[in-house]
Amino acid sequence: MKILAKVWKFTKAPAYKSLDHVPTLLKLRIVVVLLQWGIIIGVTVGIINQWLIGLLKMDLGEHAIEKFLESYSVVTLFLMAVVIAPAIEEILFRGPLIWFKNKIYFKYIFYASVLLFAAVHLNNFEMSEQVFYMAPVLVAPQLILGIFLGYVRVKLGLLWSICLHSLYNGILITPILVYKFLNIPLT
């Protein structure tokens, strides 16, 4: 819980102060703990979202993962989700944070990077009025993950945030890819 308290404190007043002096083993521990919390929170929010969508009898259309599962091989999907997407997204959304590290408005740039990261993930849904109104709830896992990734990027470096992002995606996508590989329907 200590790391969550540190992330919360950082989120309330983001400042670019890296932990260069921290040994690699401690950096790895920070990443693993945030990975665990990210999965727990992300899956919990996802379950609540599905319950809410069912309760409200909403039709959000086909999710992007369904289209990808139909169009690409297991290996291609794994590489896209676990290698390519995390590297590109971290370079785009968190890489530039260093350019603003000494600026008084750094916190606004940080918040913008988190919000943009979450907003991009709205592309996973077919845009509709329902998706628009549900947007904050639908991308809540990405908002939280964006905060974790931003914290790791600032405190530990870009490569560590890429690693966290890759591990997160890998843990979530692997069961789906196993189902696809074994030809087991998901629904």
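The opening residue of the sequence shown carries number 4 in our numbering; numbering runs sequentially from there. Idealized CB from N, CA, C, for every residue including glycine.
Shown here, I187 sits in coil according to DSSP, grouped into three states, outside any helix or strand. DSSP places M137 in the helix class (H, G or I) of the three-state scheme. In this structure, L72 sits away from F128, with a CB-CB distance that is not shorter than 8 Å. N127 carries a helical assignment under DSSP once its states are collapsed to helix, strand and coil. Under the 10 Å beta carbon count, E93 is surrounded by 16 or more other beta carbons and is classified as buried. The residue among L37, K30 and K20 with its C-alpha nearest the C-alpha of L7 is L37. Burial of F113 is indicated by the presence of at least 16 other C-beta atoms within 10 angstroms of its C-beta. Leaving aside the five residues that flank F103 on each side, the residues in its chain whose CB is nearer than 7 Å to its CB run, in chain order, F109 and I112. The shortest C-alpha to C-alpha distance from L95 to any of L162, K60 and L141 is the one to L162. Shown here for H124: same chain residues with a beta carbon closer than 7 Å to its own, the five before and five after excluded, namely V142 and Q145 in chain order.
In this structure, DSSP gives N172 a helical state, which the three-state scheme calls helix. Beta-carbon to beta-carbon, F120 and G149 are separated by about 4 Å, close enough to satisfy the 8 Å threshold. Assigned with DSSP and collapsed to three states, A121 falls in helix.
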